[in-house]
Structure formats: structure tokens, C-alpha cells
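Protein chains in written order, with our numbering: chain A, 390 to 1053; chain B, 390 to 1053. Some notes on the structure that comes next.
Number of protein chains: 2
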Amino acid sequence: MEGVDHLDHERRKAQFDVEAMKIVWAGSKHNLEVSDRMARLVASDPVFEKDNRQRIDRRELFNNTLRKAAHAWKRINELRLTEEEASKLRQFVDEPSYVDLHWGMFVPVIKAQGTDEQHKKWLTLAYKMQIIGCYAQTELGHGSNVQGLETTATFDPKSDGFVIHSPTLTSSKWWPGGLGKASTHAVVFARLITDGRDYGVHGFIVQLRSLEDHLPLPGITVGDIGTKFGNGAYNSMDNGVLRFDHVHIPRDQMLMGLSRVTKEGKYLKSDVPRQLAYGTMVYVRQAIVSDASRALSRATCIAVRYSAVRRQFGSHDGGPESQVLDYTTQQSRLFPLLASAYAFRFVGDWLNWLYTDVTRRLQANEFSTLPEVHACTAGLKSLTTSVTADGIEECRKLCGGHGYLCTSGLPELFAVYVPACTYEGDNIVLLLQVARFLVKTVSQLGSGKQPTGTTAYMGKVEHLMQCTCDVQKAADWLRPSTILEAFEARALRMAVTAAKNISMASNPEEGFSALSADLVEVATAHCQLIVVSKFIDKLQQEIVGNGVKEQLQNLCNIYALSLLHKHLGDFLSTGCITPKQGALANEQLRSLYSQVRPNAVALVDAFNYTDHYLGSALGRYDGNVYPTLYEEAWKDPLNDSVVPDGYYEHIRPVLKQKFRVARL
Amino acid sequence: MEGVDHLDHERRKAQFDVEAMKIVWAGSKHNLEVSDRMARLVASDPVFEKDNRQRIDRRELFNNTLRKAAHAWKRINELRLTEEEASKLRQFVDEPSYVDLHWGMFVPVIKAQGTDEQHKKWLTLAYKMQIIGCYAQTELGHGSNVQGLETTATFDPKSDGFVIHSPTLTSSKWWPGGLGKASTHAVVFARLITDGRDYGVHGFIVQLRSLEDHLPLPGITVGDIGTKFGNGAYNSMDNGVLRFDHVHIPRDQMLMGLSRVTKEGKYLKSDVPRQLAYGTMVYVRQAIVSDASRALSRATCIAVRYSAVRRQFGSHDGGPESQVLDYTTQQSRLFPLLASAYAFRFVGDWLNWLYTDVTRRLQANEFSTLPEVHACTAGLKSLTTSVTADGIEECRKLCGGHGYLCTSGLPELFAVYVPACTYEGDNIVLLLQVARFLVKTVSQLGSGKQPTGTTAYMGKVEHLMQCTCDVQKAADWLRPSTILEAFEARALRMAVTAAKNISMASNPEEGFSALSADLVEVATAHCQLIVVSKFIDKLQQEIVGNGVKEQLQNLCNIYALSLLHKHLGDFLSTGCITPKQGALANEQLRSLYSQVRPNAVALVDAFNYTDHYLGSALGRYDGNVYPTLYEEAWKDPLNDSVVPDGYYEHIRPVLKQKFRVARL
């Protein structure tokens, strides 16, 4: 069966140009070419092989990760890869490592908060990886509330430097990736204290380990925080614990781009607008949204292909059973996730644009749109990561029993992905920030201040509070304007109701706190609207390729209508639609699923993922699932011997009733 | 801090008698005493220690499991434990092993499908564990559709026996627990072929391994199917693969209780009613529902205690931050799960009663209620396992970043639990069976045939189709009759609509298939009603203990009203309640959460779980979370050396720019 394409019949059903869709997914012909080249480079290199992750212990796993990271750096240098190519290559190596934090957090924070002088010194070292850095913020007792950090950096005029100290157990730095074993340096966030006054949390560059023998420097206790969820997953990362016992650093290792301490111990704010930090935040969050679409698309790719291979029930006269993908229960769970993967891809693109736009505005000292940008990116981070985490697990369940095997690739994908719901802002905390902004926007609607950006729709308050949906037959739900208005009306009406309820409380803070659970739903409704509207916007653009736009239109409609069905209570209780219209949406959904069905395999082929990157026996491009599962099974260490270790000690005595003798 | 109870202030807030609640949770004073004694027996025995599971490789893990299983068997014999005690002891050992399948499937299937003679021979061996058995049904290509199994058992008159054979790769037995390494015997399900005719799937007792040296017998290929989801989790179980190459077994090893093959190769059905098999099914499913309440209660116990310890934000004037448990977002996610754990406990009790009732009816040849019992148990298995799996992961997220560490116990609990959604009937397949029964029941409503048991409410069709909810203020939602009627009306109206829609299709099967996704929702509504009504029934009974009933009432109302909020779309679109009444339910929920808040820690204490059984640094009884996390971290193998393996090979060359030389 080797070399046979078991999904060929599926691929021939496709009603659109898959190669053109690949370009749409990648964002451009150039992106596709780079991605494709880097993916193949990684897949063909034996050092990057990844199929034994679940079978080795943590020390070996970590050692392999170090080898891969070093090899990637070697190849990046040898091939003189561009920054874009290098970043893609690291992505396809597909294993969390200290390198992620070095490039993704250490370098950016120095860029954002360092002075020109500091850039010159530290970035030069970091770019060449002559030092390895991490980002040490979170503490054992302090996560979301950064202002609650306990580590202190006390100015010491005698040595013209700072004394970094961990005053309590809960002040131990805890979680920073790359900290435990690999990093030589960290940007440490600590309370700046000078002249007996606490100036709050600031960043300091601290050397942790000797550059000669990698031993921790005096006063520094550093280690790994232990095993995390999943077999391989994030266990290739050395998330670390770090304690300081009065560690001295020179004064110029405080990041002084935004504020500084003079030789005399005076605290001074620079005249650089603090808002500049927003640029980094937007950048990080758009990257997280891109990651979400990538992770969800991998999961749906595996589940769609396997659902086309797997057959169960429905055999007529001894013929083959039905493909699981033909069952409407499978479609109604899987296709909304496929549609979400595409939706998140396009909203990620838009966030990328937003980042450019914000950067331009910041440079022009234009800060008025920042609160809206903050709310929008916080909300999209929360929405996309939550849906993706749940969606991967749903895809795993959609693969039935075999999805529970590590060879399916899905347990690993899930376990490695879920931290995204917590890091860079807990998803619920972020949604409450969004809600706070929405409530404020609503309260200002009468004031003449026009809401902007993703909240612009709130300016149509008079219309949206009283409009009625005009859907009369199922196909009416295919009109983008109808969908958009329903989502806008729902989001606005929920926000208005929430604002009203808060205003009835004895004070706004208490009201906000008591109604928090409702406010999370208000924020969710707003964020879903953003994704729907950006998907609709995408479809207004020119999209080349035979049938490509039609497929995307179907996915966009599935995305919107499946949300409408899932949150029907919102739409009905706000009077945006009638129960009858809700039922019509459901009817239209069924029709859309049947239109996607013949295109499903081609729609996941468009992601252009290599079998190496997918890492799944179930998601193989050629659909040759069962022989792969069978062969992989025998590689398990338990199969190294036919009779298991422990037979003579622990099985035979049971069978031979050796314990009964012990009964006196 | 050792010995201090950090949760003492929480425990003193409780408004009810925790010891009395422990008895309610356990089911009786006797149950509590046995559970408590067995839990302590396990917790105090060093062989049963479990805290290193995530740090060892699979061979060592499996070897440890064999040791624990043998030691448990030794203790069971030494202490002459009763069956009840032995089963509790195994539960608290809390590690999946071959023993589960031996006692849970091998023995019961022989009991249910064997003849008296077969019982005498095989059960005697099995009870003494002179043989170890498993249940070999599922195949690589065949899961839910048992009728599609491919393994053959062909009658061979010459040898007066059967030839067991695996004709294809997809016919390989795949998944059976205990099969891979430990079992000496299996009940193998295979297509019975005699005289050239295929009589469908039947069970056969097959010896797999020599009782002398544990080597597989000729013609048998057997092994483990490889690593599964999670670090420890189900990897202590040897789920297996098994292939037969024309293996001969004697004729009397076919399980002949329900049908048999004569010496001449004639196939005969016995006159034992086939419905008797239902008894076993009800038994297995009630056990699964009990497991669900146990797993969900463990997760909520961890999350509630940690939420009382964890503080974040809300510090005033440098005082302590707020307990996370005080945030209404945390309460609105956590308390419905706590309420579900209790709800599932009571519906499990009721299923236990149902099992006794069914057994009595079967013995009296009374089969009329069986379809309803089947639908009810299938639905409750599906509902409780899905909610529990999602609920554990939600509890993990509610513990923030630290929930991602294996020392939190939650990743392990999740990974070991999720297969329950798939085994013993895929949850979606089961819900469709429920829906099929409901649609049929609806279609017979006019016929004079009265629906029984959990569908009895459908007999009130005229009232339920037109009744209107009379809630006018939030507290009206506390009336059990009001809640019950809303849930009954919702379930019935959804079933009626679905039946109507199906009847409009060109044929019923096509209609059923096209509307499957809706039908899953119909079945869910019905199953939620069952749980709600059994919780309400429980509260009609006498419940002793100061404040105990009041707490259970609050939990019952939270269970029902949080479901109403979650599925608001159902209630509104069927016109069971108005949007205003939905909002009032939400208002009442908030009030209920604040009433549960001071009792939350005591409500999870009532589960009476030992720290050993919980296996969680976050869920410790004494709340001493941070020192435990800190100490556990240093036990990770990565911390065995300060400088990690691979430093000289893979880190130093990066830092020292050794790769740059390679660039020519």
C-alpha cells in the first residue's frame, strides 16, 4: 500500500483550485514559497526528527531539544537565512525551547525598554547568541497581577548599582521559559526601591550563569520547575525557578529607556511616551492569534483526513462502511472548527496590519486609538486561544479511540497549546478588560464622542437598538449584511444592558464585580463580531483562483451561523432574531455543511503542512493510517521484550498463588 | 508552616455539618467507614506511593504498576478483605492496570454469557487470579460498530473446535486493556462461521500466553499499542494489539450461555432471553456515572481549595490580595461544576437502584421497560462523562499557570479520565440512540401507550406543550416545581419539533441522519432533565445533619439554573420561558453563588479525599501550596545536575560562536 494515495478520491472531489487557496492561506506567493522551503528543509533533516518524543525521559528529551536548537542555529548561519526564513525554520522544528524566549521576549523587551547604549551592548550579544536570555517576570505567588511582584531591586549608592533580592518564598521567579537550565541572562522584573521609596516594577538585566562553565553566579539559585502536562509537549522547555540572595548588578543594567535612576539614587521618568510599549503588546498578541490559527488548522487537518479514512456503520450488503466524515454529527462539530481556523487566519492578518498602523500612529505621537486597540487585541487573544484549545481536544475526540494515542499527534498538540489560554494574560482577565472598555464606550455614546475602530458599530446605536432581522427563508442568512447586523445588534444590546445593570449598583466597581460573569459574555459577543466582520471584509477583497472565494464564503457563513446557533440565547434574549429565524439559520448551516463536505480534504490540504510538521499517523497526507499505527505500536519500549519486566516478580507469584502461603 | 491549616479560616465559615455531609456523599455511614479505612490503608503503604509517575519512563512505570497490583492482591488476601473493601482498595490505588479489566470485564462477561459449566471452570480460575483475563472486542478498524468486527472463529468439525483468525490488518484486536503484556487469557469477540454461514459476533475464551513462562502461544502475536495521552495516566495500562494466525481452541471455549454450536457444527440459540445482557450493561454504566462524579469531585476539590489559597489583585493599602475564590467569574465557572459533581453522585445512586430494579424485572421475565432503561443509561453515561472531562480541564484552567504543572494533579486526572467519553460507547453515538428512542416515544404519544420511567413526563404532553412559566421575581426560580416544569417543557418541545422535522423528510432514516446534530441536542435536554429531577427527588428524602439539606438545595438550584443559562437558546426558542425570566434566573444564580461561597471549602472536604488520593500540591487539605510546589520542583530529573546534560555539546558551542567557523 506504500505510495498509494488513499485520499485521492477525496481530492478529486474538490471544487476549487487548491494551489490558489494555499497562497490565500499563506498570505502571499512569497510566504508560501518560504514556508514550503523551510518546512521541507526541516522535514528532510534527520536531526529534526521528532517521532520519539513520547518514549524518552525528560533528560533525554531536553538534551535532544538542545541539540535541535543548536543545529537550527548552525543551519541558519550556514545557509545565511533571513530573519523571516529563520523564524519559519524554528516554527517547523516544532518543539518549544529556550530559543523561543530568547528571540521572542528577551530581545524585544531590551529593544522596547532599553536605551540606545543598552541596545548597542546587549542586543549585539543577543543577536549573535553570545548570551542566552529569558524574561523573568512571573513569581510563584504572582501571575496576572504584575504590580504585586515581590522581588526587590534596591539601589545601593555605595556600589552604584542595585541589589536584587527574593524576600519571600512566593517571590521566587517561577515559570519563565528557558530560565531553568539554558539561559545565561534574564530580564528580571523587580520592585525598584531607592531612597526608601518603592517605585513599582521595573526591568533589570541580570547575569545568571557563568559564561565559562554555566554554573550559577553567587547568590543565585536556579532550576527547573518540573514536569508539565503532556508526554513531550512543553517538557522540552526548561521553565524555571529563580531566587536571589542579595545579588549585586551595576546601575546601568536597569532598563532605562522609560525611566532611570541616577548615580545619586534619584528616580527620573524619561520623556519617551509610555504608550510606546503598546506596540510590542500588539505585536505579541498578533503572533499569538497566528499561532492559534496554525494550531487549530493542524488539528482540523488531522481530524478531517482521518474522518475521510475512518469508516463505521452504514455498510449495505457487505460493502464498505460509511466514511465518518459523511455523518452530519461529525460535520457539525468539525466544520465550524475548520471555519474557525480560516477565520482566525484572516483576523490574524488584519492584526498584522493593525500593528503596522499602530506603529505609524505611535511614531506620530497619536495615542487616541490605543485603548480601543488594547481592548481589541486582548479580546482576540482570549477568544482565539480558548476556541483553539477546546477545538484541538474536540478534534481529538472526533478521531475516536485512536485520537488518544500519542501517534495521533493530537494529545501532544493539545498539551503544548493549552498554556496559551493562560500566558500573556489569563483569558478571563483579558475579557474583563475588554468588557470594561465596552461599558465605558457605551456610557460615552450620548456624549458626542464617536467610537472608533472595532467599536465603530456602536455609533449606530439608535439603529442597532431597534432594528429587526429580515430573514424569511434559510438562504437569507447568506447575506453578509444580515449576518453583520445581527452580530452587531447582539453585541451592542448586551453591552447596553450590562452598562445599565452596572449603573443600578450602589457603586460602579461593585456592580462591575458582581456582574463579571455576564460581562465576560458581553466581551465574547464583541470579539466574535470582530472575527466575523474581518472575515466578511476579507471576502470583499480580490481573491484569485477557481472556486476559492466560494469556498471561503461557505466557511465564513459556517463560522458566523454556527456561532449564532451556539449563542442562540444571546440573540433571542436581546430580540435580535426570532426563534423561527434561529431555526432557519440552523437549516442553512446543514446545507453549508453538505457543500463543504466534498471540499473538506482539499481545504485542509491548502494548509500545506508536511507529514513531519503534522506528526500524526491519523493525519498522513496519503491516508495510509492503519499500517502506520500498527508499525508505530511496536516501537514502544514496552515491546522491547515479549515478556515484560516484572513478570517473575509481580505476575507469576499472583498466578501461582504464592501470596496465599502468606495467609496464616 | 508545617502542620498549620491554611484553610482553617475557610473551614470555620461553613454553615453546615461537614461530617453529616460526608455520610450523604458516601451514601451511608457504612460506605463512609469502608472508604475511609481503605483510603488510609492505601495512603499509609509506601508501595502505593504515587508521586513519581511523571518522572519515570514507561517500562519503569509499568513495572511499578505490576508491583502495586500484586501488592494490592497480597493485602486483599492477607487482610481477608470483602469484595466491597477490595474494590475500594483498588480504587484508591488510583492507577489503571490489567486488574481493572480482569475484574471489570473478563469476569462479568463470562458470568453473563457463559454456561454453568463454563462458570465453574473459568470463574474459579479467575477469582483466584490463576489466570489473568481481558476483553478483546475492539479492532484496529472497528470500534463503535461491533457488528463490523472482522476476526473470524470458524468451526472445525475435525478438531471439534474453532479456528480463530485475523484475516486483515484492520481486524487486529486493538485497545483492550491488560492485553498487551499482562493477560494470559482473553474473551475474544469474533464472527462465528460454521457450515459456511456467518452467524455474527460471539465471544470465545482464548488462552494467549503460556502459564509457565508467559510466552505467547503459537499463532498469537501480541503487544502493547504504544504511548497514550498524558504523562502517567493510562500509560500504566498495557492496552494491546493481538493477531491470530489460525489459532485452534476447543469447542467448549465458545461462551455458550446465549447460543451454542453443536459437535456437528449446528448453531443453536438457547432459550435464555437475550435481554438478560441488559443487566450487565446497566451495571457497567452506573459504575461509569459513579466514576464521573468521583473524577469531577476530585478536580473541583483541588480547584476550590487552591482558589481559596491563591490571591491575586485587589490589595488595599498593601494588605493581602483577594482570594481568587471571591471573584464572581471564578465562582460562575467553578460552582456549577461542584454542583454537577453532587448531581452526578445522586443520579449515580439512583442508577444503582435502577440496576437492582432491572435485575428483579429481568428475573421475572419482564422486559417492557428495557428500551427506556437503555436510553436512560446510555444518555447518562454520555452526559456525565462529557461534562466531567470538560470540567476537569476547566478546573485546571481555573488553577491558572500552576494547573499546568503535573504536581497540580490535574493534567493526570484529565488525561486518565477522557477515554471515558469514548469507551463503552462513543458519547455522540449514544446520544443518537437516546434521540431515536425519544422520537419513537413522541410518535407513539397519541396511541394510548403511556411512556414510563424517565420518559413518563412525556405523557403530560398536552400540558407541557402549552404551559407558560410563572416566574415573576428571581426567587421564584427556587421552586422545584417551576424548575422541573421548565426542563420538562424544554425537553418535550425539542423532541416534538425534531420528530416533526424528521417526518417531513422523504424517509425517516434520511430525516434522522440529516437532523442528527439537532437530535444530539434533543437527547442532551432529556438527559439534563433526568439529572435535575433525580437531584430534586433526593431532596424530598430525609437528610440529616445541621444545614446539610440547605447546602444541597443551593447546589441543586445552581445545577439547574446554570444549565438553563447555558442552554438559554433552547428555553427561549421553545417558548418555555421569556427573556425576562432568563435574566431573573441569572440574577438568582448570582445570589446562589454568594451563598455557596463561604461553604465551598467544606463542601469539597465532604468528599473525604486523602491527600494521597488527590495527588495534588494545589489541592492539599492544609492549603500549604507554595512550599510544596517549590520542594517538588527540585525532584525533577533535570535538576539532578546544576549544569544540564548537553551543555558542552549544544549550548557552549552556540555561546562561543563555534558554528560561525563553518561559514566559508
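We treat Cβ as the ideally placed atom computed from N, Cα and C, and that holds for glycine.
{"Check": "Neighbour flag for B/H915 against chain A, beta carbons, 9 angstroms", "Outcome": "no"}
{"Check": "Residues that A/S721 contacts on chain B, provided the C-beta gap is smaller than 7 angstroms", "Outcome": "A906"}
{"Check": "B/F330 versus B/Y695, B/R694, B/Q712 and B/V693, residue with shortest Cα-Cα distance", "Outcome": "Residue numbering for chain B in the displayed model covers 390 to 1053; residue 330 of chain B lies beyond these limits and cannot be assessed."}
{"Check": "Where the alpha helix (DSSP H) through A/M963 begins and ends", "Outcome": "The sequence given here has Thr at residue 963 of chain A, not Met. Premise fails: A/T963 is in no alpha helix (DSSP H) and is neither H nor E."}
{"Check": "Contact belief for B/L944 with B/Y716 at Cβ below 8 angstroms, rounded distance in angstroms", "Outcome": "Not really, about 20 angstroms apart at Cβ, beyond 8 angstroms."}
{"Check": "Ordered list of alpha helix (DSSP H) runs contained in the segment 834–881 of chain A, each at least 4 residues", "Outcome": "850–855"}
{"Check": "Any C-beta of chain B under 9 angstroms from that of A/G971", "Outcome": "yes"}
{"Check": "Completely contained beta strand (DSSP E) runs for the segment 513–580 of chain B, where each covers 3 or more residues", "Outcome": "522–525, 541–545 and 550–554"}
{"Check": "Residues that DSSP places opposite A/S648 in a beta bridge", "Outcome": "A/K658"}
{"Check": "Option nearest B/L787 by Cα separation, candidates A/K862, A/V807, A/S424 and A/D434", "Outcome": "A/V807"}
{"Check": "Three or more C-beta pairs below 8 angstroms linking the segment 850–862 of chain B and the segment 932–939 of chain B", "Outcome": "no"}
{"Check": "Cutoff 9 angstroms: B/D680 Cβ touching any chain A Cβ", "Outcome": "no"}
{"Check": "Proximity of A/P485 and A/V993 at Cβ, strictly below 9 angstroms", "Outcome": "no"}
{"Check": "7 angstroms Cβ cut-off: residues of chain B touching A/G612", "Outcome": "A1022, W1023 and N1028"}
{"Check": "Secondary structure of B/I677, DSSP reduced to three states", "Outcome": "helix"}
{"Check": "Buried/exposed call for B/N441, threshold 16 Cβ in 10 Å", "Outcome": "exposed"}
{"Check": "Beta-carbon neighbours of A/M854, restricted to chain B and to distances below 8 angstroms", "Outcome": "The premise fails here: A/M854 is roughly 15 angstroms from chain B at the closest Cβ pair, so nothing lies under 8 angstroms."}
{"Check": "Interfacial residues, the segment 759–780 of chain A to chain B, with Cβ spacing under 7 angstroms", "Outcome": "none"}
{"Check": "Opening and closing residue of the alpha helix (DSSP H) in which B/D907 lies", "Outcome": "S905 to Q929"}
{"Check": "Exposed unless 16 or more other CB atoms sit within 10 angstroms - verdict on B/W742", "Outcome": "exposed"}
{"Check": "Own chain partners of A/V831 with C-beta closer than 6 angstroms, once the 5 adjacent residues on each side are dropped", "Outcome": "A884, V885 and A888"}
{"Check": "Spatial neighbours of B/A688 in its chain, beta-carbon cut-off 7 angstroms, leaving aside the 5 residues before and after", "Outcome": "G780, I781, C784, L799 and L802"}
{"Check": "Contact with chain A by B/Q596, beta-carbon distance below 9 angstroms", "Outcome": "no"}
{"Check": "Between the CA atoms of A/A575 and A/Y524 - distance to the nearest angstrom", "Outcome": "6 angstroms"}
{"Check": "Own chain partners of A/F756 with C-beta closer than 8 angstroms, once the 5 adjacent residues on each side are dropped", "Outcome": "P662, Q664 and R750"}
{"Check": "Cβ contact (3+ pairs, closer than 8 angstroms) linking the segment 716–726 of chain B and the segment 1024–1035 of chain B", "Outcome": "no"}
{"Check": "Interface partners of B/W564 on chain A, CB under 8 angstroms", "Outcome": "G790"}
{"Check": "B/H791, buried or exposed, once every other Cβ within 10 Å from all chains shown has been counted against 16", "Outcome": "buried"}
{"Check": "Selection of the segment 691–714 of chain A by Cβ proximity to chain B, strictly under 9 angstroms", "Outcome": "R699, R700, Q701, F702, G703, S704 and E710"}
{"Check": "Spatially closest choice to A/T843 from A/K923, A/A622 and A/L421, by CA coordinates", "Outcome": "A/K923"}
{"Check": "Per-residue DSSP class, three states only, for B/I445", "Outcome": "coil"}
{"Check": "Chain-order list of residues whose beta-carbon lies under 7 angstroms from that of B/L973 (same chain, five-residue window excluded)", "Outcome": "V860, K862, A863 and W866"}
{"Check": "Contacts around A/I533, its chain only, beta-carbon distance under 6 angstroms, and the 5 residues preceding and following it disregarded", "Outcome": "A small correction: the amino acid at residue 533 of chain A is Ser; Ile does not occupy that position in the sequence shown. Same-chain partners within the cutoff: D815 and V818."}
{"Check": "Short CB-CB distance (under 9 angstroms) between A/L1018 and chain B", "Outcome": "yes"}
{"Check": "CB contact below 9 angstroms: A/M893 versus chain B", "Outcome": "no"}
{"Check": "Reference A/F451; option with closest CA among A/N620, A/L529 and A/H491", "Outcome": "A/N620"}
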